[in-house]
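Comments concern the structure below.
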Amino acid sequence: MQPPARERVLDAAHQLMLTVGLARATTKEIARAAGCSEAALYKHFASKEELFIRVLTERLPQLAPLLHGLAAEPGRGALEANLTEIARQAALFYEQSFPIAASLYAETQLKRRHDEVMREMGKGPHLPIEGLAAYLRAEQDAGRIRAGADTFAAASLLMGACAQRAFAYDATEEGRPPVDAFAARLARTLLAGITD
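The opening residue of the sequence shown carries number 5 in this note's numbering; numbering runs sequentially from there.
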């Protein structure tokens with residue numbers, strides 16, 4: 005039995021966006037790859053921009069549930085283990101989303117449309133930083149992070165390093181560092197700066 009049209013469209017969009025990039029993945033090609041009409045695609049998604057956001061939120065590793073859960077229960081688990089898992093998930097998300105989203109930056113109009121739709125949907129690349137900062141503040145309130153530590157800066161550093169891993173290391177001979185070792189080193193280093 006074939007999956008529902010919405011799922012086929014998401015799968016096809018994900019695959020095409022990964023292989024040809026967002027700018028070159030047309031709704032017509034996505035519909036053809038999903039085995040449906042373009043009209044059927046638009047029955048489930050109002051625009052290509054919405055489809056892109058749904059691919060990011062439904063097909064890639066998700067940070068929001070992890071961050072919300074940890075922020076709701078500060079003190080749960082070892083701080084280093086929590087930050088390591090956050091860094092691992094963030095690194096995987098950026099690794100998978102960078103090839104899809106990179107073409108946005110080559111087309112100003114397309115980027116503007118996507119930014120507009122993201123704002124309308126309450127989505128955006130700033131949310132993981134804000135979510136991690138909220139978690140770190142909760143841990144700070146619980147006494148596990150130094151009182152004077154800048155939680156927003158710490159969150160920005162962790163997320164920025166994970167985003168950098170997605171493309172900065174491809175040009176090196178060694179290639180991209182393995183995600184688990186990278187996440188553990190990043191968490192340890194960040195903790196050294198924000199704990200006593």
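The beta carbon of each residue, even a glycine, is placed where N, CA and C say it ideally should be.
The model shown is predicted, which means the values in this text are computed figures rather than measured ones.
Closest to MET122 by C-alpha separation, out of ALA110, ARG148, ALA50, THR88, would be which residue?
ALA50
With 16 other CB atoms within 10 Å as the buried threshold, where does PRO78 fall?
buried
Which of the three DSSP states is assigned to LEU108 in this structure?
helix
Would you mind giving the Cβ-Cβ distance between ALA158 and ILE198, rounded to the nearest angstrom? I have them listed as a contact below 8 angstroms.
5 angstroms
According to DSSP, is ASP15 part of a helix, a strand, or is it coil?
helix
Alpha-carbon spacing of THR193 relative to GLU33, whole angstroms:
44 angstroms
Nearest residue (CA-CA) to LEU108, options SER41, LEU26, ARG141:
LEU26
Rounded to the nearest angstrom, what separates ALA142 and ALA75 at their Cα positions?
6 angstroms
Specify the secondary structure class of HIS118 as computed by DSSP and reduced to three states.
helix
Could you pull out every residue in the same chain whose Cβ sits closer than 7 angstroms to the Cβ of SER160, ignoring the five residues on either side in sequence?
ILE133
Threshold first: 4 residues or longer. Then list the alpha helix (DSSP H) segments lying entirely within the segment 41–83, N to C.
42–48, 52–63, 68–76
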